[in-house]
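A short write-up of the structure that comes next.
There are 2 protein chains.
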Amino acid sequence: MQQLFVIKIGGNVIDDEKNLSAFLKNFAAVDGKKILIHGGGKIATKLGDKLGIESKYINGRRITDAETIDLVTMVYGGLVNKKIVAQLQALQCNAIGLTGADANIISATKRPVTKEGIDFGFVGDVNTKELGISNLELMVANGLTPVIAPLTHDGKGQILNTNADTIASSIAVALSSLYDVRLIYCFEKKGVLENVADDNSAIPLITKDIYQQLKTGNKLFDGILPKIDNAFAAIDSGVKEVLIGHADDLLQNVTETTTGTLIK
Amino acid sequence: MQQLFVIKIGGNVIDDEKNLSAFLKNFAAVDGKKILIHGGGKIATKLGDKLGIESKYINGRRITDAETIDLVTMVYGGLVNKKIVAQLQALQCNAIGLTGADANIISATKRPVTKEGIDFGFVGDVNTKELGISNLELMVANGLTPVIAPLTHDGKGQILNTNADTIASSIAVALSSLYDVRLIYCFEKKGVLENVADDNSAIPLITKDIYQQLKTGNKLFDGILPKIDNAFAAIDSGVKEVLIGHADDLLQNVTETTTGTLIK
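Going down the list, the sequences are from chains A and B. At position 7 of the first sequence (counting the first as 1) the number is 6 in numbering that gives the first Met the number 0, and the numbers step up by one without a gap. At position 56 of the second sequence (counting the first as 1) the number is 55 in numbering that gives the first Met the number 0, and the numbers step up by one without a gap.
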């Protein structure tokens, strides 16, 4: 099968124009079929502050009320997405910016109010069995590079705010029947660190056995566990391998493990 | 050749949620291949006011400075475009929201400073010979309905603000070698009016001969002349016919002239 890179970037890349330009140059140079998923970054919060839209959090999770969903639709789906697309076009990468509503590629269900009574508002959980993969595949097969904002829709006319990591893994899994998918998460660290205080202690390879040993030895910091669990979930669902690390390193030679952590 | 509808809506439809919903219901029901182009409406101006971004005009034309291009990229490319797409999806119309940067469908050239020294800023004039029609055609042929925001790009990484009427006619002309294109301009009047004071005086048909007679008799108000000139220019370049009128009427039976003005 042909290789496909599904690459996710977050705030540490998006929020800094220089970082973003450098990343996009590397991304455009990646040879082969690829999809970029971007998070939201801090621009929405900054703009919300100017507009008097309060950023509300419960237990560290953002609440997306009616004003906020309009705000993130503008910023994620408009400003951030189209700036990335225009820059990639200048780098001869034929990008096409999408949200989950476009071509119905990602439908989602509005998260119900929790047992504890927490209403996350217009947050969507991906309907993983109902992705519009044929339309995404149509674009990829015809040389287009989808650039996907962290927005989905409920099929009833409502845009929803959805976690970019989840969008990336859902798309990677759904396309794994058609491609050898390498799912790449770019974040602020050089990989899964053996010693949190030492940024050069990235573990080069994590298999299920190694993961078990690391967990038993309490070697890993808690924050990274969900990322690794998600990576193994993606692999169990067909993704060939997952790479976690810093954008600067990962795309230098995206077909080999460089300084990031390879999970397989 | 198969028929294709290229339909443009402006502020009178976009700025009112009820009007927009009613229009989209009619639009989704139009049987056959179709493309929607939307203008910006007043949301950008309202949001700009809240953000302290002054709307500047010279001779009635908006100046698009750096703050303003970000603002319209958010509002036109994000908020307005994605709300339309999500609503069309709910109506079982498989819409895909695009700007000119996406899939490189519309490249443009930043308008040079005029002889009089007027700098319109980030305004783009469509490079009509360089449209990415093959990618647009790929979507249309595969059952997708493009929804296009009035934004283009310069191929060097910059988004530009472009007149939606011009985008509509450029796309209509470019696709006229592949389809019988009916270009439809929805505006606030029921058509080209013989008597400006009487909204029910729409002229059902304007040919070049009739247009000449109307102009000679000073029957038409000046504001409508550029619209008719553009319509004939599109027809001279291959578009089959142009229909001008009110959204409420035009889409009821889009394959026949109803109460609008047909130009051919």
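Positions of the beta carbon are idealized from the N, C-alpha and C atoms, including for glycine.
Residues of the segment 102–122 of chain A with Cβ closer than 7 Å to any Cβ of chain B, in chain order: Of all residues in the segment 102–122 of chain A, Ala-102, Asn-103 have a Cβ within less than 7 Å of some Cβ in chain B.
DSSP beta-bridge partners of Leu-174/B: Beta-bridge pairing links Leu-174/B to no other residue.
Beta carbon proximity, Ile-34/A to chain B, threshold 9 Å: Under the Cβ distance rule, Ile-34/A does not count among the residues neighbouring chain B, no pair being separated by less than 9 Å.
Where Ala-100/A meets chain B, residues with beta-carbon distance less than 7 Å: What Ala-100/A touches in chain B: Lys-81, Val-84, Ala-85, Gln-88.
DSSP-derived helix/strand/coil call for Glu-66/B: The answer is helix: DSSP assigns Glu-66/B an H, G or I state.
Beta-carbon gap between Thr-151/B and Ile-205/B smaller than 9 Å: Taking 9 Å as the Cβ cut-off, Thr-151/B and Ile-205/B do not qualify as a contacting pair.
Whole-Å CB distance - Tyr-75/B paired with Gly-39/B, under 8 Å assumed: About 5 Å separates the beta carbon of Tyr-75/B from that of Gly-39/B, a gap short enough to meet the 8 Å contact definition.
Gly-222/A versus Ala-163/A - alpha carbon distance: The C-alpha of Gly-222/A lies about 17 Å from the C-alpha of Ala-163/A.
Ile-234/B (DSSP reduced to helix, strand or coil): For Ile-234/B, the three-state secondary structure derived from DSSP is helix.
Same chain, Cβ closer than 8 Å to Asp-64/B, neighbours up to 5 away in sequence not counted: Counting only Cβ-Cβ distances below 8 Å, and skipping sequence neighbours, we find Lys-55, Gly-120, Phe-121.
Cβ-based neighbour list, Gly-116/B, same chain, cut-off 6 Å, excluding 5 preceding and 5 following: Cβ neighbours of Gly-116/B within its own chain (closer than 6 Å, five residues either side excluded): none.
Beta-carbon spacing of Pro-145/B, Leu-135/B below 9 Å: Yes. Within cutoff.
Any chain B beta carbon closer than 9 Å to Thr-15/A: The sequence given here has Asp at residue 15/A, not Thr. At a cut-off of 9 Å between C-beta atoms, Asp-15/A does not count as an interface residue with respect to chain B.
Per-residue burial, Ser-133/B [other beta carbons within 10 Å of its own, 16 or more giving buried]: Under a 10 Å Cβ-count criterion, Ser-133/B is classified as exposed, with fewer than 16 other Cβ atoms of the shown protein chains found around its own Cβ.
Interface positions of the segment 213–234 of chain B facing chain A (Cβ-Cβ less than 8 Å), listed along the chain: Under the 8 Å Cβ criterion, the segment 213–234 of chain B contributes no residue.
Boundaries of the beta strand (DSSP E) in which Lys-32/B is found, first to last residue: If you look at Lys-32/B, you'll find it in the beta strand (DSSP E) that goes 32–37.
C-beta atoms of Gly-51/A and Asp-101/B nearer than 9 Å: Taking the C-beta atoms as reference points, Asp-101/B is found no nearer than 9 Å to Gly-51/A.
DSSP-derived helix/strand/coil call for Ser-106/B: Here Ser-106/B sits in strand by DSSP.
At least 3 beta-carbon pairs within less than 8 Å: the segment 168–187 of chain A vs the segment 233–246 of chain A: Remark: three or more beta-carbon pairs, one from each stretch, lie closer than 8 Å, so the segment 168–187 of chain A and the segment 233–246 of chain A are flagged as touching.
Residue nearest to Thr-66/B in terms of C-alpha spacing, selected from Leu-46/A, Leu-19/A, Asp-69/A, Ala-167/A: A small fix is needed here, since residue 66/B is Glu in this sequence, not Thr. Considering only alpha carbons, the answer is Leu-46/A.
Contact residues within the segment 29–54 of chain A, judged by C-beta distance below 9 Å to chain B: Those residues of the segment 29–54 of chain A that come within reach of chain B (Cβ to Cβ, closer than 9 Å) are Leu-46, Lys-49, Leu-50, Gly-51.
Three-state secondary structure (DSSP) of Val-195/A: Residue state, collapsed to three classes: coil.
Cross-chain neighbours of Leu-19/B in chain D, by beta carbon under 9 Å: Given the protein chain composition of this structure (A and B), no chain D is represented.
Burial state of Arg-181/A, where buried means 16 or more other Cβ atoms lie within 10 Å: Under this definition Arg-181/A is a buried residue.
Coil, strand or helix - Ile-13/B by DSSP: Note: Ile-13/B maps to helix in three-state DSSP.
Residues sharing a beta bridge with Pro-145/B, DSSP: Pro-145/B pairs with Ile-95/B.
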